[in-house]
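First the structure, in the form of structure tokens, and then the observations on it.
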Amino acid sequence: MYLIYGETRQVSTRGIVSLNARLAARLYAERYPDRVHPTYEVIKRLDSAYREGRIPGTRGSQSGRPRTIEDDIVLQEREEEPSTSVRMIQSRTGITKSSVYRILKKRYQFHPYHIQRVQTLLQGDYVKRVLFCRRMLELNRQDPDFFHKVLWTDESQCRRDGYLNLHNIHSWQLENPHETREDRSQYMFKINLWTGIFNGSILGPVELPPALNGENYLAFLQHQLPTLLEDVPLQTRATMWYQNDGCPAHYARDVRAYLDDRFPGRWIGRLGPILWPPRSPDLNPLDFFIGVVSRIKCT
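When the letters of the sequence shown are read in order and numbered with our numbering, they come out as residues 0 to 298.
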């Protein structure tokens, strides 16, 4: 329910709203500091609507409520709970779903954006992420082409059972054929895929050993990566940066020694010249690409 109905009436019965709406707004802010504070104009309109029976759920209320009152009610509901639904607002206020939708979508241009799932972070991760971003932005200020010089990399896994979304699989029949599709076999296998992005171009995907470790990752860097970079001019490779995240294979001693030699002072990763913040796949452009590639390769 619109939270200032009752509270506004409490100050109104003492004559405060009628005499001084600004004072009522100030009193509301002091009494409920953790809530969104209505302006004195909203309090005046609500008090007037209450007295005239135009507030939903009050005695004497009728259909055909003034549009401005409905606007204030719906907007306050959205302000207090942005993830609420049109149906929930209707349930709490009595305003029809079509009116709630019209106010939010048509009149005030709100859009119901979907919530995105992100990596769970630990307490110390936030500072590391900020320091990393500041360092990257500083390098970009020094060299406006810096981000075009970074070879971003990531690995993903394809599994035997792939990505099965039954919601999009149908069988149009007159009667239920009880069709099935095999899933979750006990004989599992997985494929590791490496992918890179450099200056807007995709490198790979390249299949890596199923169990990635420092030895076979080093072999990939020494033998397969140079082949992937054959079309990149030598002058460009001389200033290239290499990024990988913090999985154990990436910071094996021999791997770090090779990266120090091949990309001196120009690689990003765990224990590297620039530290990659843990649990931060969303800071890597590959995170927005490799999921689609995995689905194409695995289905």
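Cβ coordinates follow ideal geometry from the N, Cα and C atoms, glycine included.
Please read all numbers here as calculations on a predicted model, not as lab measurements.
- Fewer than three beta-carbon pairs drawn from the region 110 to 124 and the region 248 to 262 are found closer than 8 Å, and the two stretches are therefore not classed as touching.
- Note on geometry: alpha-carbon atoms of glutamine 242 and arginine 116 lie some 24 Å from one another.
- In this structure, the beta-carbon distance from asparagine 191 to glutamine 156 falls below 9 Å.
- Around the beta carbon of threonine 152, 16 or more other beta carbons lie within 10 angstroms, which makes this residue buried.
- Our two residues, tyrosine 250 and aspartate 144, have alpha carbons roughly 27 Å apart in a direct line.
- Per the coordinates, the alpha-carbon of tyrosine 39 lies some 56 Å from the alpha-carbon of cysteine 246.
- In the pairwise beta carbon analysis, the region 123 to 132 is classified as not touching the region 224 to 239: fewer than three pairs are separated by under 8 Å.
- For leucine 202, the enclosing beta strand (DSSP E) has its first and last residue at 200 to 207.
- The DSSP-derived three-state label of leucine 121 is coil.
- Secondary structure of aspartate 71 (DSSP, three-state): helix.
- Here leucine 103 really is in contact with valine 73; their C-beta atoms are around 6 Å apart, less than 8 Å.
- Closest by C-alpha distance to arginine 21, out of Tyr31, Pro32 and Pro37, is Pro37.
- Secondary structure note for glutamine 108: it is in no beta strand (DSSP E), with a DSSP letter that is neither H nor E.
- In the three-state reduction of the DSSP assignment, cysteine 246 falls in the coil class, being assigned neither a helical nor a strand state.
- About 11 Å separates the beta carbons of glycine 271 and aspartate 244, which is beyond the 8 Å limit, so they are not a contact pair.
- Between glutamate 29 and alanine 23, the alpha-carbon positions lie close to 10 Å from each other.
- In this structure, isoleucine 88 sits near glutamate 76, with a CB-CB distance shorter than 9 Å.
- Per DSSP, the beta-bridge partners of cysteine 157 are Ile190.
- Burial state of tyrosine 27 is buried, judged by a 10 Å Cβ sphere holding 16 or more other Cβ atoms.
- In this structure, DSSP gives valine 149 an extended state, which the three-state scheme calls strand.
- Listed in chain order, the non-local C-beta contacts of aspartate 70 below 6 Å within the same chain comprise Ile102, local neighbours out to five positions each way being set aside.
- The three-state reading of DSSP puts phenylalanine 288 in coil, since its state is none of H, G, I, E or B.
- Taking a 10 Å sphere around the C-beta of glycine 199, we find fewer than 16 other C-beta atoms and assign the residue as exposed.
- From the listed residues Pro81, Thr83, Arg140 and Val99, the smallest Cα separation to isoleucine 68 is found for Val99.
- Between tryptophan 240 and phenylalanine 262, the C-beta gap is smaller than 9 Å, which places the two residues in contact.
- Excluding its 5 nearest sequence neighbours in each direction, valine 149 has C-beta neighbours in its own chain below 7 Å: Trp240 and Gln242, listed in chain order.
- Cβ contact annotation for arginine 278 (same chain, cutoff 6 Å, sequence separation greater than five): Gln118, Leu120 and Asp124, in chain order.
- Across the structure, glycine 195 and glutamate 80 are spaced so that their CA atoms are roughly 40 Å apart.
- When the Cα atoms are used, isoleucine 273 and leucine 217 turn out to be separated by approximately 19 Å.
- Residue pairing by DSSP leaves glycine 271 without any beta bridge partner.
- Beta-bridge partners assigned by DSSP to tyrosine 27: none are found.
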